[in-house]
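Just so you know, the protein sequences line up as chains A and B, in that order. Under this note's numbering, the first residue of the first sequence is numbered 1, with each subsequent residue one higher. Under this note's numbering, the first residue of the second sequence is numbered 1001, with each subsequent residue one higher. Below is one structure, written out as structure tokens; the observations come after it.
Protein chains: 2
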Amino acid sequence: MARADEGHEKTTLDGAGGILSLIAGGEAASRAELLAASGLSRVTVTQRLNALLASGLVRETEKTLPSGGRPTRVLAINAASGFLLVANIGETHIHLAAMDLTPAILAQTTLPFSVASGPEATLTQIGDAFDALAAEAERTHGFFLGISLSLPTPVDFKRGCVVGPSVLPGWDEFDIIGRLKARFDVPVYVENDVNLMTICEHKRRFPAVDDMLFVKVGTGMGSGMIAGGRLFRGAQGAAGDIGHIQFLSDDAPLCRCGKFGCVEARAAGWAIARDLSARGFRAETARDVIDLVEQRKPEALMLLRAAGRTIGEVISDVVSIINPSLIVIGGTLARGGDLMLSGIRELVYQRCLPLATRDLSIVLSTVREDGALFGAAYLLLDDLFAPARADRLLERYDTARHRQTPAAVRRQAP
Amino acid sequence: MARADEGHEKTTLDGAGGILSLIAGGEAASRAELLAASGLSRVTVTQRLNALLASGLVRETEKTLPSGGRPTRVLAINAASGFLLVANIGETHIHLAAMDLTPAILAQTTLPFSVASGPEATLTQIGDAFDALAAEAERTHGFFLGISLSLPTPVDFKRGCVVGPSVLPGWDEFDIIGRLKARFDVPVYVENDVNLMTICEHKRRFPAVDDMLFVKVGTGMGSGMIAGGRLFRGAQGAAGDIGHIQFLSDDAPLCRCGKFGCVEARAAGWAIARDLSARGFRAETARDVIDLVEQRKPEALMLLRAAGRTIGEVISDVVSIINPSLIVIGGTLARGGDLMLSGIRELVYQRCLPLATRDLSIVLSTVREDGALFGAAYLLLDDLFAPARADRLLERYDTARHRQTPAAVRRQAP
DNA sequence: AATCTTATGTATATTATCATACATAAGTAT
DNA sequence: ATACTTATGTATGATAATATACATAAGATT
């Protein structure tokens, strides 16, 4: 019996998630690679890829790759087929942006942020700003795919909330994801800023490195780890909290956490600023310290160098414990360059076993202030395109496409 | 057209690997759970499971699970359907065993081991002992499925060799896997003993814990980590090497690694034995120390307690870095019980952030000397039954089954 | 004992996927 | 230009897997 849509080419997006995931994850850049990587037959891959191309989510680039015979066409996620909303809550400002799927910034805003305003008011503010950004992005970039938030405190990623007493009083245990999902019906992620900077650095510069450590040395200190190619969060999301590892000594300085001798109290921006103030300079933040370093003030140079060695002490502990193949130093004090690096390298090479340092690189970060913002976008994209979720993402494009072809609907009516 | 085997029930093992993997991994214990966990249709699951049951690899147990209606039959890997050969190379002896798939020991031997004999001679010795063990196991337990080795040194798991200068001179970079595979045509794994003890402890007692740290305090010191439910090895397999983290002080003792102030030189078995010797006791190894502790010698009690605090210092660093939810203390000195634990707990709770210690348990290990041996078996089994490898494992049972049914062969001849 | 619930097997028609083969495309090497 | 290589699409019949529906099983509940 002939059906109404007989002869209609097959373009369901059913099952195309696997293909999409391979393209998004960089595991397959061409049809030939998709064939090999997916294990599916040529027919199936062709069919699903056509559906993805028709949906607009995937596009064929102009680029080709040499193969010995006919060059292969390079496929890519169509960056303009959707957009994300991301926000980085800093200690004084909130940086918000709409991003395409590159991810690249489409539009951005900055809001003032007061630690005093609780999560309720702040999330409402963010929601309003998101609405404005979305209105603009929606016209050019179609679907709104998700939200990702960066916070300057420990975050329990699974539960989506701030954990532990922190610089954000009142946020502890507040259900951020729930609040945002109630207003925006999209996936929502919340993560700590240092972890997001780690993700950004890993994705952009060292995608092939499986085990790396990112250390942020700014006014405060923190670190993030990539273990086995994935961000390692620990049981409560508190992994990488190296700022409060203690080294006891007679002159152990008091830390802002209330203990004595923490690394942070010896080598973070605020500690160096404290020491510079004691020597008559005006300094409070990491930026003040770096300003003095750039003016080549001997005291600042000396203190930064010493901080490098102190940080090197902790890092050498971390190296012994997790055995990374790469360490990236970021944050404001990383602008001190070799002044900071040399001390770190000195201690790590001195303290760790040759085995652990044999193939270890220690480099400076190149990502800027916006590392956390982009990291938030990468985190979200990774999840949207993950095999487990990609099919759900496609459903939206699928139903939309059906709506967009009234001809197909008419064809079914006799 | 009628085929020769028409009407013959379908029992290919093709594709049954996924099912097998779910059963072996504990993700599905019954047909109903297999249906849900695999996402396959009832027909397909029934068919593949029948093939697995026919192959003998999976069996139906007597146990049932209540379900509200008809109770569900519990399925399990048939422990007697194959066997493994494992060996634990210690500093003076090699402990070898044939194990079933429980894993449980079927037969075992011990060989004397001299560090002086190189890898060539030792592996030949091991091979000979394996041959003897295999002959026995083969009669009762069918297929020989793989080899797994435990070594008391850092091991590069991927490459299957000892790395770095260690207690085993001459083994550095020697291709252990290659050598054994040339003699036995089965999968071969090599891993560090502490990592294997970690795996054993995790599998047996804490399978639900995703992030844990295992610390072995014996004559020497080492640790293993489970991160995200899997063993974490680091870039060169050297992760967890916490014995040589340094604490500098005026009286920093010289470590056997050549540096000053390593934890090991302060708190491992040999260090306590050294201090006891200086006080007139006869002690060399961790066992000697524990003997004196069990005789309630005040000096031994005091030194063990102090060692606990020192080890607590390092552990608190590890906790800050990887944020585990469980710490297990093993090795000979763990027999010191609370004497050891209290110092560790004291320092960890004093030094770490409340967030990290809120849900942290610190307990003593219960696995014995044979932890590494069983860990080796678990490691191998995990890999044999992993989704990616399970199909390959089945091929052997499949072809064997065809051989075993001459009736089926006859049926094809007209 | 009758009923309810969930587990489990199987027949049927339908659908999805595959292997194979062939045809064409688009470069490089000669 | 011609041959060679690999990429890519599609037709075809074969195979695998699915949904659906029904039948039976085996314990708990009433």
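No residue lacks a Cβ here, since even glycine has one placed at the ideal position from N, Cα and C.
Between B:Ala1087 and B:Ile1126, the beta carbon gap of about 6 Å places them in contact (Cβ cut-off 8 Å). Contact annotation: in the stretch 320-342 of chain A, residues whose CB is within less than 7 Å of a CB in chain B are Ser320, Ile321, Ile322, Asn323, Pro324 and Ser325. Scanning the stretch 1116-1196 of chain B from its first residue to its last, the whole alpha helix (DSSP H) runs of 4-plus residues come out as 1119-1141 and 1176-1183.
When DSSP reads this structure, B:Lys1216 sits in a beta bridge with B:Gly1222 and B:Gly1330. Proximity of B:Ala1024 to chain A, defined by a Cβ-Cβ separation below 8 Å, is not satisfied. A Cβ-Cβ contact shorter than 8 Å links A:Leu301 with A:Leu339. Taken in chain order, the members of the stretch 1147-1169 of chain B whose beta-carbon sits within less than 8 Å of a beta-carbon on chain A are Pro1154, Val1163, Gly1164 and Pro1165.
Selection A:Ala79, A:Ala98, A:Pro103 and A:Pro169 evaluated against A:Thr122 yields A:Pro169 as nearest (Cα-Cα).
Bounds of the beta strand (DSSP E) holding B:Phe1083 are Gly1082 to Ile1089. Looking at A:Ile242, A:Glu346, A:Ile321 and A:Asp291, the one whose alpha-carbon comes closest to that of A:Arg335 is A:Asp291.
Its Cα nearest to that of B:Ile1329, the residue B:Leu1364 stands out among B:Leu1360, B:Ala1208, B:Leu1364 and B:Arg1279. Counting only the Cα atoms, A:Leu304 lies some 19 Å from A:Gln350.
Sequence-distant Cβ neighbours of B:Val1188 in its own chain, meaning closer than 6 Å and more than five residues away, are Ile1147, Ile1177, Leu1180 and Lys1181. At a C-beta separation below 8 Å, A:Asp391 has no neighbours in chain B, since its nearest C-beta there lies roughly 12 Å away. Inside the stretch 1269-1334 of chain B, DSSP marks whole alpha helix (DSSP H) runs of 4 or more residues at positions 1269-1278, 1286-1294 and 1298-1322, from first to last along the chain. Beta-bridge partners of B:Ser1041 (DSSP): none assigned. Taking a Cβ-Cβ threshold of 8 Å, none of the residues of chain A is close to B:Leu1196; the smallest such distance is about 17 Å. Judged by beta-carbon spacing, B:Asp1193 lies within the 8 Å limit of B:Pro1152, meaning their Cβ atoms are closer than that value.
Between B:Leu1053 and B:Val1045, the C-beta gap is not smaller than 8 Å, which leaves the two residues out of contact. Apart from the 5 residues on each side of it in sequence, B:Gly1331 sits with its Cβ closer than 6 Å to the Cβ of Lys1216, Val1217 and Gly1218 in its chain, given in chain order. Scanning B:Gly1090, B:Ile1245, B:Asp1100 and B:Glu1191 for the CA closest to the CA of B:Gly1142 turns up B:Asp1100. In this structure A:Glu91 is exposed. Its beta-carbon is surrounded by fewer than 16 other beta-carbon atoms within 10 angstroms. The residue among B:Pro1324, B:Ser1277 and B:Gly1240 with its C-alpha nearest the C-alpha of A:Cys352 is B:Gly1240. For B:His1093, the pairing in a beta bridge is given by DSSP as B:Pro1112.
For B:Leu1355, at least one C-beta of chain A is nearer than 8 Å to its own C-beta. Excluding its 5 nearest sequence neighbours in each direction, B:Ser1361 has C-beta neighbours in its own chain below 6 Å: Leu1326, listed in chain order. In the three-state reduction of the DSSP assignment, A:Gln236 falls in the coil class. In this structure the stretch 304-321 of chain A lies against the stretch 1229-1249 of chain B, because at least three pairs of beta carbons, one per stretch, are closer than 8 Å. Rounded to the nearest angstrom, the gap between the Cα atoms of B:Ile1089 and B:Val1167 is 12 Å.
Secondary structure at A:Val58: strand, using DSSP grouped into helix, strand and coil. The contact set of A:Phe143 on chain B, defined by CB atoms closer than 9 Å, is empty, because the minimum CB distance reaches about 27 Å. Residue environment analysis places A:Thr198 among the buried positions, since at least 16 neighbouring C-beta atoms fall within 10 angstroms of its C-beta. Here B:Met1212 is near B:Pro1324, since their CB atoms are less than 8 Å apart. Short of 8 Å from the beta carbon of B:Thr1061, and not among the five residues preceding or following it, lie these beta carbons of its own chain, in chain order: Arg1073, Val1074, Leu1075 and Ala1076. When beta bridges are read from the DSSP output, A:Leu254 appears opposite A:Phe260.
For the options B:Gly1068, B:Gly1026 and B:Gly1017, the alpha carbon positioned closest to that of B:Gln1047 is the one of B:Gly1017.
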